[in-house]
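Data block below; observations after.
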Amino acid sequence: MAGTTEDYEKISVSETLRALQTDKDNGLASGEAKKRLEQYGYNEIPEKEESTFHRIFRRFWGPIPGMIEVAALLSAVVQRWEDFTIIMVLLFTNAFIDFWQESKALNALKVLKEKLAKNALVLRDGKFRTIEARELVPGDIIKIKIGDLIPADVKLIDGDYIQADQSALTGESLPVSKKTGDIAYSNSIVKQGEMTATVTNTALNSFFGKTVALVAKAQREETSHFQKAVIHIGNYLIYITVFLAAIILITAMFRHEDMIEILRFTLVLTVAAIPVALPAVLSVTMAVGAMALAKKQAIVSRLVAIEELAGVDVLCSDKTGTLTQNRMTVSDPVPFYGHTVKELMLYAALSSKEENKDPIEIPIFEYLKKTGQAGELKQYQQVKFTPFDPVSKRTEAIVKSGDKTFSVTKGAPQVILELCGDQRRQEEISEKVEDFAEKGFRTLGIAVKQEGDKNFDFTGLIPLFDPPREDSKETIEEARKLGLDIKMVTGDNVAIARHIAGILGVGDNIFDARDLKGASNKEMIILGEILAKAIYEKLSGDVSLENSEQFAKGIVKRIEKAFENVELPKGYVKKHEYQIIEVIENSEGFAQVFPEDKYLIVDKLRKAGHIVGMTGDGVNDAPALKKADVGIAVSGATDAARAAADLVLLAPGLSVIVDAIKGARITFERMKSYSIYRIAETIRVILFMAASIVIFNFYPVTAIMIIILAFLNDLPILAIAYDNTKVDNKPVIWNMVEVMSVSTVLGITGVISSFGIFYIAEEYMRLSAPVVQSFIFLKLAVAGHLTIFVTRTEKRFWQKPYPSPILLWAAVVTKIVATLFVVYGWFVSPVGWRYALLVWVYSLVWFIVNDFVKVWTYKLLRKDKIIA
9 MAGTTEDYEK
19 ISVSETLRAL
29 QTDKDNGLAS
39 GEAKKRLEQY
49 GYNEIPEKEE
59 STFHRIFRRF
69 WGPIPGMIEV
79 AALLSAVVQR
89 WEDFTIIMVL
99 LFTNAFIDFW
109 QESKALNALK
119 VLKEKLAKNA
129 LVLRDGKFRT
139 IEARELVPGD
149 IIKIKIGDLI
159 PADVKLIDGD
169 YIQADQSALT
179 GESLPVSKKT
189 GDIAYSNSIV
199 KQGEMTATVT
209 NTALNSFFGK
219 TVALVAKAQR
229 EETSHFQKAV
239 IHIGNYLIYI
249 TVFLAAIILI
259 TAMFRHEDMI
269 EILRFTLVLT
279 VAAIPVALPA
289 VLSVTMAVGA
299 MALAKKQAIV
309 SRLVAIEELA
319 GVDVLCSDKT
329 GTLTQNRMTV
339 SDPVPFYGHT
349 VKELMLYAAL
359 SSKEENKDPI
369 EIPIFEYLKK
379 TGQAGELKQY
389 QQVKFTPFDP
399 VSKRTEAIVK
409 SGDKTFSVTK
419 GAPQVILELC
429 GDQRRQEEIS
439 EKVEDFAEKG
449 FRTLGIAVKQ
459 EGDKNFDFTG
469 LIPLFDPPRE
479 DSKETIEEAR
489 KLGLDIKMVT
499 GDNVAIARHI
509 AGILGVGDNI
519 FDARDLKGAS
529 NKEMIILGEI
539 LAKAIYEKLS
549 GDVSLENSEQ
559 FAKGIVKRIE
569 KAFENVELPK
579 GYVKKHEYQI
589 IEVIENSEGF
599 AQVFPEDKYL
609 IVDKLRKAGH
619 IVGMTGDGVN
629 DAPALKKADV
639 GIAVSGATDA
649 ARAAADLVLL
659 APGLSVIVDA
669 IKGARITFER
679 MKSYSIYRIA
689 ETIRVILFMA
699 ASIVIFNFYP
709 VTAIMIIILA
719 FLNDLPILAI
729 AYDNTKVDNK
739 PVIWNMVEVM
749 SVSTVLGITG
759 VISSFGIFYI
769 AEEYMRLSAP
779 VVQSFIFLKL
789 AVAGHLTIFV
799 TRTEKRFWQK
809 PYPSPILLWA
819 AVVTKIVATL
829 FVVYGWFVSP
839 VGWRYALLVW
849 VYSLVWFIVN
859 DFVKVWTYKL
869 LRKDKIIA
């Protein structure tokens, strides 16, 4: 009895009822319904919730929180309670931000669950009764009417027709006509009509349920690029620090120094070296970036998505509403048989009802208003109106004007032609309809019948289409200049997709998404079809035509069924997966796309190493949005799509996405600048101190100076979040070789400059040890913030983009504070203004040297092709 919704879609109503073992007149017996409820379970989405405690606890377990917790522990050991407090605040802040982000993400499943129907009118024991929708089982006979939320996947078995709004599932705004024998999906809304149906699948076996299951499955299992970068940087600095701290301790042991004091000093040094502020500074930078994107009508729901967005190299964009305007428009009407465009459009309007707000009829009335014909409708009165239904495939109206009465009709051109009974130009009209179809137009045929006439008179054709947005073509060109590969994704057929893609400049390499399904066993199915054909040809001479056709179809069906669950050799599967990836990578778009196709496209592109952005608006898009590196819910998206997305657009069009990508790349550059600065500074301070202690037996700064330096270096650097920076013309990702190489070279250059001033202070100026320490402290503080102006750009520091005023002033004010510390002797030995000025001049000279070293390093990295 079990079968997929797709299986039931292929068979007749009577076959469906037999397969489900149900009676359309009596429904299921209560006892049978109870058995099936035990077998299939409740018609609801199973909920598996993690406790809040466990979700909170997870925030304090892992490499990043572990790094901060070690720093807090070391601070407590050396009784630096101020440091301990600040580090714990950072730890809890990071945990809170992460917990909040996950809570928002979990809304995806919650929103889906809340949308399920509450009650259903079901036929049990020969009587209709209202039960909770959760108690429905496959085989139940139910009634659905206008306004109902369809509670499960159903096969329509009786009644005229319904109009089903599937926008919550597909995002498509036009209602879909359903007749007897069709499948209606769970969570669709009945907009018109009333029918009887049998339940085919419930809960997670329904189309809607499978979407929910995909959303749950589509969680990004791997660590984000941002987290990987923070862990990589943290580990690098910790390894260096631990190694150098060990050397300091071993050296002190051999020199028989006070081990308690040395241990305390080493622990302080280690605390200062651990980049506890790194996650916080980078998070603040992303938060500022998120606020900037919000001003551009793009709301970020997952903070690290900003960094992912900067690296997106493939953007899969919906056609409807993103590349097009998502509203039907009349193109160039084509009148026939001496009729005029004016008559054609007038008859089209008279066979419509404006108050119905039918998406197909709205553009007709808009056309009349635009051309000034709308006023003429007042001369006519609709005596009777027959709305569209999927059986007749047309509307009809009896219209009165003065003492004249006539009928008008509009609908599918082939249907309207049959009403006319005139074959004079049928071939010409059919060719025109096909021509419109190839260009992506939906065509209406219009006819009129005067009172007393037997047949209708064919008036003409009205082509309707969803026009491209005015900025789409220009935006696609701009996106490609930014290194983005745009792939159009649409549910339309291939001909329409290619036509629109051609207009927009996307390209004509458009694939039918159905070709991606079952690619690993497609050849075998083709062989099966050939075999079936051969058998058919052999049998057709000996048995009836009907029996031989049925036999051949049965063979093909058996082969298809066999290959649904067959396990192919791994090598064979890998080979075909590679071929699928190759097809997807080389394509410029996909037509006839279903939810699972979007998911497949995203999955394969990510396996090929791409960072993928995917747009969507319906419930069915939620799995693909969740699976993508950056899921983008377009303007007007359903709640479920918004909840699953990382980026929610408040304005329509592709330009909003491109603007968001530009903003994300700016934010990424700020993050990279800070990371290089943070590593370079840590190496400079730690390596210089270790070398001074080991080689010269001199402690260049005191423990209190280390703590002050840590605060002076990190706190004002939050201003980096507001810095001016470039927009890369290619996707940007963490290149850790680049980050580590540049920062290490700058760190070593800083060590050399620090030894230079140490040598001047001790050998030439003959200063006392405490004053030398103050001297070096000021140099480390001043040169530290100058380093950020070196790392913020790959070019010379004096070239555009110039630093933002807030960053400039934050650095200047902090350096002035450090200068006041050493001039007036706050916690350190005083040195006076003359020596302080000398340190400033020395630091500025080395700032210029550092900048030249940076440019040289980038040249070497490009020469070795480490960076592009």
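Residue numbers (our numbering): 9 to 876. For every residue, glycine included, the Cβ atom is placed at its ideal position computed from N, Cα and C.
Asked                                                                                                          : Found
Three-state class that DSSP yields for Val581 in the structure shown                                           : Confidence in Val581 is poor, its pLDDT being 44 and thus under 50, which makes the residue's placement too unreliable to answer from.
Sequence-distant residues of the same chain with beta carbon closer than 7 Å to Lys401, five excluded per side : Gly419, Ala420, Val423
Counted within 10 angstroms of its Cβ, other Cβ atoms place Gly346 as buried (16 or more) or exposed           : exposed
Under the three-state DSSP convention, the category Leu775 falls into                                          : coil
Residues that DSSP places opposite Leu323 in a beta bridge                                                     : Ile494, Gly621
Asn195 beta carbon less than 8 Å from that of Leu157                                                           : yes
Three-state secondary structure assigned by DSSP to Gly639                                                     : strand
Outcome for Ser438 when other beta-carbon atoms lying within 10 angstroms are tallied against a minimum of 16  : exposed
Cα-Cα separation, Thr337 to Ala356                                                                             : 14 Å
Classification of Asp629 by the beta-carbon crowding that lies within 10 angstroms, buried from 16 upward      : buried
Counted within 10 angstroms of its Cβ, other Cβ atoms place Gln29 as buried (16 or more) or exposed            : exposed
Under 8 Å between C-beta atoms of Ile701 and Thr259                                                            : yes
Boundaries (first-last residue) of the beta strand (DSSP E) holding Met203                                     : 197–209
Lys808 in three-state terms, based on DSSP                                                                     : coil
Ala885 burial status per 10 Å Cβ neighbour count (16 or more: buried)                                          : Coverage of the chain is limited to positions 9 through 876, which leaves residue 885 absent and any answer about it impossible.
CA-to-CA distance, Val130 to Ala41, given in whole angstroms                                                   : 11 Å
Backbone secondary structure at Ala420 - three-state DSSP                                                      : coil
Given Pro813 as reference, the closest of Tyr730, Val830, Tyr767 once Cα atoms are compared                    : Tyr730
C-beta atoms of Asp520 and Ala445 nearer than 8 Å                                                              : no
Phe835 in three-state terms, based on DSSP                                                                     : coil
Rounded C-alpha distance that separates His62 from Thr278                                                      : 31 Å
Ile765 and Phe785 closer than 8 Å at C-beta                                                                    : no
Contact belief for Asp625 with Ala641 at Cβ below 8 Å, rounded distance in angstroms                           : 7 Å
Residues near Ser683 in its chain [Cβ-Cβ closer than 8 Å; skip 5 each side]                                    : Ala237, Ile241, Leu286, Leu290, Val747, Ser751
Gln174 vs Tyr193 beta-carbon contact at 8 Å                                                                    : yes
Buried versus exposed call for Leu845 [16 or more other C-beta atoms within 10 Å across all chains shown]      : exposed
Three-pair Cβ contact test at 8 Å for the stretch 315–329 versus the stretch 602–617                           : yes
Supposed contact pair Ala80 and Phe92 - C-beta distance, whole angstroms, cut 8 Å                              : 6 Å
Rounded distance between the beta-carbons of Ala487 and Met496, thought under 8 Å                              : Rounded, the Cβ-Cβ distance is 12 Å, inconsistent with contact.
Residue nearest to Gly515 in terms of C-alpha spacing, selected from Val349, Gly597, Val441                    : Gly597
Integer-rounded CB distance, given that Ala160 should sit under 8 Å from Asn209                                : 7 Å
Ala614 (DSSP reduced to helix, strand or coil)                                                                 : The amino acid at residue 614 is misidentified as Ala; the sequence shows Arg. Looking at Arg614 - three-state DSSP - the assignment turns out to be helix.
Ala221 at chain C interface by Cβ criterion, 8 Å                                                               : Absent here is chain C; the protein component of the structure consists of one chain.
Beta-carbon proximity list for Ala300, same chain, < 7 Å, skipping 5 on both sides                             : Gly671
Asp859 burial status per 10 Å Cβ neighbour count (16 or more: buried)                                          : buried
Collapsed DSSP secondary structure at Thr348 in the structure displayed                                        : coil
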